[in-house]
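As structure tokens, the structure follows; a few thoughts come after it.
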Amino acid sequence: MVDITESGVVINFAQEDKENEDSGAQTFAKYWYQYNWALLHILNNCISTNECAITMETHEDVMFINDTNFSNASLDLFQVKERSKTGRLTANKICSGSKDKPSVISKMISHINKKRISERINRIALVSSTGYNFDLANPEDSIDKKDYISFDHLSESVKDEIKKAVIRDLEISEIPSFIQFINGIKTTSLDESSMMIVGKIATYIDSLDPNLSSKPKLIYDAIATELVKIGCDTTRYNKWEDFLKHKTISNTQINKIIDRRSINPGVNDFESIWNTLFNYFNHEHEYNKLNFKGKVEFKNRLKKYFSLRISNKALIFDAFNQKVKSVFSECSDDSLFGTVNNIANNISSTDDFEGIFDSDDFTIVDAIFCEICECI
Numbered sequence: 564m565v566d567i568t569e570s571g572v573v574i575n576f577a578q579e580d581k582e583n584e585d586s587g588a589q590t591f592a593k594y595w596y597q598y599n600w601a602l603l604h605i606l607n608n609c610i611s612t613n614e615c616a617i618t619m620e621t622h623e624d625v626m627f628i629n630d631t632n633f634s635n636a637s638l639d640l641f642q643v644k645e646r647s648k649t650g651r652l653t654a655n656k657i658c659s660g661s662k663d664k665p666s667v668i669s670k671m672i673s674h675i676n677k678k679r680i681s682e683r684i685n686r687i688a689l690v691s692s693t694g695y696n697f698d699l700a701n702p703e704d705s706i707d708k709k710d711y712i713s714f715d716h717l718s719e720s721v722k723d724e725i726k727k728a729v730i731r732d733l734e735i736s737e738i739p740s741f742i743q744f745i746n747g748i749k750t751t752s753l754d755e756s757s758m759m760i761v762g763k764i765a766t767y768i769d770s771l772d773p774n775l776s777s778k779p780k781l782i783y784d785a786i787a788t789e790l791v792k793i794g795c796d797t798t799r800y801n802k803w804e805d806f807l808k809h810k811t812i813s814n815t816q817i818n819k820i821i822d823r824r825s826i827n828p829g830v831n832d833f834e835s836i837w838n839t840l841f842n843y844f845n846h847e848h849e850y851n852k853l854n855f856k857g858k859v860e861f862k863n864r865l866k867k868y869f870s871l872r873i874s875n876k877a878l879i880f881d882a883f884n885q886k887v888k889s890v891f892s893e894c895s896d897d898s899l900f901g902t903v904n905n906i907a908n909n910i911s912s913t914d915d916f917e918g919i920f921d922s923d924d925f926t927i928v929d930a931i932f933c934e935i936c937e938c939i
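So for the sequence shown, the working numbering puts the first residue at 564; every next one is plus one.
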């Protein structure tokens with residue numbers, strides 16, 4: 564298995580054997596349940612010491628990457644079923660099929676035949692919103708009391724039914740030990756599941772810092788919007804780094820989304836930002852030559868940008884922040900105003916951030932002053 568070319572390019576193995584899952588990518592409205600489940604899953608992994616990530620419509624409905632470091636990356640594949648209209652999944656339902664039209668269980672297990680990802684698969688799981696009606700090896704066990712069950716938990720009769728289906732559809736005789744059946748989000752109402760995740764976000768933010776003031780619903784909308792964009796992206800990326808950048812969202816990114824939409828009074832509220840800048844303004848001719856009214860108007864413009872950024876779900880503000888930091892690292896001006904103007908000239912040469920500055924309330928220079936505080 565060759566994952567790095569002779570020229571040193573790291574191949575994006577995650578999409579190398581990708582089949583046609585684009586129909587799912589283009590019909591988000593039908594699959595809101597899987598997006599909410601994916602969001603909940605990545606939230607549960609936000610405290611991971613590794614940078615992990617999640618993607619949509621790549622091999623399965625949801626793919627979880629346990630470590631974005633190429634050398635260590637392993638995959639969890641989830642087929643997510645919203646079944647409020649059809650009830651619990653049975654062995655018969657997941658095994659019904661043929662060689663021409665493989666069963667649900669066969670489609671899941673078929674991933675082990677994909678050479679680029681087979682050695683990186685950590686688990687393959689079926690997620691059901693309504694649970695399962697399987698006989699278990701231990702009659703005293705209850706599926707409803709478990710978060711998931713593995714293949715080994717199943718009764719011999721259910722195992723045999725699965726084995727027969729897989730042999731029929733795939734001619735594979737060995738069932739991987741990492742197959743799991745997960746009980747998904749119990750509610751099938753979009754509003755209820757969304758509010759449950761908003762509550763999860765609020766709890767997570769409180770665990771980070773009880774002093775943070777935030778709007779968990781806004782943060783939910785920002786993350787969900789990014790997941791939709793990822794799910795609807797049908798591009799096949801050749802490079803691993805491009806795939807991670809455009810087709811995944813990581814726990815690190817989610818923590819940044821939370822951080823940039825939360826306020827810790829006295830630390831990152833607007834007055835704290837203004838005080839940081841003001842310490843530099845005392846030595847800046849461009850600021851000191853403003854009259855009193857000009858200084859008030861300047862501060863108000865910065866405050867309007869800050870208020871818009873902190874209350875906006877659009878991740879274009881996050882991208883703008885990263886761009887400002889990137890250009891700042893290359894600057895060598897002696898003054899703050901000179902640095903900001905150089906950054907503005909650099910960014911203005913592209914059309915990437917036009918949507919932010921279609922208002923008369925502030926300019927790109929005002930926005931850069933707010934963002935540059937993280938660098939000084």
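Positions of the beta carbon are idealized from the N, C-alpha and C atoms, including for glycine.
Our two residues, residue 702 and residue 720, have alpha carbons roughly 13 angstroms apart in a direct line. Contact check between the region 758-768 and the region 708-727: fewer than three CB pairs, one atom from each, fall below 8 angstroms, which does not count as touching. Apart from sequence neighbours up to five positions away, the residues of its chain that approach residue 757 with a beta-carbon distance below 7 angstroms are 599, 783, ordered along the chain. Out of 923, 639, 694, 907, the CA that lies nearest to the CA of residue 648 is found in 694. Cα atoms of residue 745 and residue 688: separation of roughly 7 angstroms, rounded to the nearest angstrom.
Where residue 642 is concerned, the enclosing beta strand (DSSP E) starts and stops at 638-644. The criterion of a C-beta distance shorter than 8 angstroms is not satisfied by residue 631 and residue 775. Beyond the five residues adjoining it in sequence on each side, residue 847 comes within less than 8 angstroms, by CB distance, of 898, 899, 900 in the same chain, given in chain order.
Between residue 735 and residue 725, the beta carbon gap of about 11 angstroms keeps them out of contact (Cβ cut-off 8 angstroms).
Here residue 735 carries a coil assignment [DSSP, helix/strand/coil].
Residue environment analysis places residue 828 among the exposed positions, since fewer than 16 neighbouring C-beta atoms fall within 10 angstroms of its C-beta. Taking a C-beta distance under 8 angstroms as the contact criterion, residue 692 and residue 748 qualify as a contact pair. Check the Cα spacing between residue 929 and each of 659, 678, 906: the tightest is with 906.
Within its own chain, the residues whose Cβ lies closer than 6 angstroms to the Cβ of residue 644, once the five positions on either side in sequence are excluded, are 691, listed in chain order. Contact between the region 880-893 and the region 795-815 is absent: fewer than three C-beta pairs spanning the two stretches fall below 8 angstroms. When DSSP states are grouped into helix, strand and coil, residue 877 belongs to the coil group. Contact between the region 621-631 and the region 835-846 is absent, with fewer than three C-beta pairs closer than 8 angstroms. Annotation: the continuous beta strand (DSSP E) that includes residue 689 extends over 684-691. When the Cα atoms are used, residue 622 and residue 873 turn out to be separated by approximately 35 angstroms. DSSP, reduced to helix, strand and coil, places residue 653 within a strand of the structure shown. In the DSSP assignment, the residues bridged to residue 743 are 688, 713. Secondary structure at residue 830: coil, using DSSP grouped into helix, strand and coil. Counting along the chain, no beta strand (DSSP E) covers residue 806; the unbroken alpha helix (DSSP H) around it starts and ends at 803-810. Our two residues, residue 606 and residue 864, have alpha carbons roughly 35 angstroms apart in a direct line. The shortest C-alpha to C-alpha distance from residue 870 to any of 844, 831, 843 is the one to 831. Residue 932 and residue 825 have their C-alpha atoms some 19 angstroms from each other. As DSSP reads the structure, residue 728 sits in no beta bridge. Taking a 10 Å sphere around the C-beta of residue 635, we find fewer than 16 other C-beta atoms and assign the residue as exposed. One alpha carbon belongs to residue 810, the other to residue 855, and they sit about 48 angstroms apart.
Pairing residue 816 with residue 733, the inter-Cα distance amounts to about 39 angstroms.
Check the Cα spacing between residue 672 and each of 881, 920, 742: the tightest is with 742.
In this structure, DSSP gives residue 915 a state outside helix and strand, which the three-state scheme calls coil. DSSP places residue 939 outside both helix and strand once states are collapsed to three, so it counts as coil. Short of 8 angstroms from the beta carbon of residue 760, and not among the five residues preceding or following it, lie these beta carbons of its own chain, in chain order: 599, 602, 603, 606, 783. Taking a 10 Å sphere around the C-beta of residue 610, we find fewer than 16 other C-beta atoms and assign the residue as exposed. Residue state for residue 572 is assigned as coil, using DSSP reduced to three classes.
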